[in-house]
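**Q**
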Amino acid sequence: MGYYTDYVISAQPTEALSQVLAALSKTAENYFEDIDVVPADDVKYELQNVKWYDHEIHCIIASKNLPNHIMIRLYGIGEVNGDMWVKYFSNGVMKEYRPEMWDPPDFPTDW
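As numbered in the working numbering, residues 67 to 177 make up the sequence shown, in order.
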């Protein structure tokens, strides 16, 4: 079993995407050989329905091995409703952002 997530990998600047993928492939020790990394377009790649539990450490290490001006952007949507996030990696540092979730009232009380 396990937890499946869809990922989108992109880079800033966009022309550094091939460097990012090469650094991730080297860092993840052939992890990407066992899954389909599909180009979504010219500026991002998708990994669909995969278990990549070590994505944070792989991206942190890869970002340390890239030039300082290159940033990795990893967007994820998990299999549980509402599990969405974006993580940025640069120079071995990660920043994570998640949408603010809200619960609507059960029923309006002002009618």
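Glycine is no exception: its CB is placed at the ideal position from the N, C-alpha and C atoms.
If you're wondering where the values come from, they're calculated on a predicted model, not measured in any experiment.
1) Just checking my contact of E145 with Y70 at CB under 8 Å: how many whole Å lie between their CB atoms?
2) Hey, could you find the ends of the beta strand (DSSP E) I136 is sitting in?
3) If you count every other CB in all the chains shown that lies within 10 Å of the CB of H135, and 16 or more means buried, which is it?
4) Looking at C-alpha atoms only, which residue of I126, K92, I138 is the closest neighbour of Y111?
5) Compare the beta carbon distance of A82 and A128 with 8 Å and say whether it is the shorter of the two.
6) Any idea if W118 is buried or exposed, counting beta-carbon neighbours within 10 angstroms, 16 or more meaning buried?
7) Could you check which residue in Q85, H121, D149, A94 has the C-alpha nearest to that of E166?
**A** On the basis of the data shown:
1) For the purposes of this step, residue 145 is identified with residue 79 of the sequence shown, where counting begins at 1. For the purposes of this step, residue 70 is identified with residue 4 of the sequence shown, where counting begins at 1. Going by Cβ atoms, the distance from E145 to Y70 rounds to 5 Å, so yes, they are a contact pair.
2) As a working note, residue 136 is residue 70 in the sequence shown. No beta strand (DSSP E) contains I136, which DSSP labels as neither H nor E.
3) Counted from its first residue, the sequence shown places residue 135 at position 69. Exposed.
4) For this step, residue 111 is matched to residue 45 along the sequence shown. When each option's Cα is compared against that of Y111, the closest is I138.
5) The sequence position of residue 82 within the sequence shown is 16, counting from 1. The sequence position of residue 128 within the sequence shown is 62, counting from 1. Against a cut-off of 8 Å, the Cβ pair of A128 and A82 comes out as no contact.
6) For the purposes of this step, residue 118 is identified with residue 52 of the sequence shown, where counting begins at 1. Its Cβ being crowded by 16 or more others within 10 Å, W118 is buried.
7) Taking the sequence shown and counting its residues from 1, one reaches residue 166 at position 100. The residue with the shortest Cα to Cα distance from E166 is D149.
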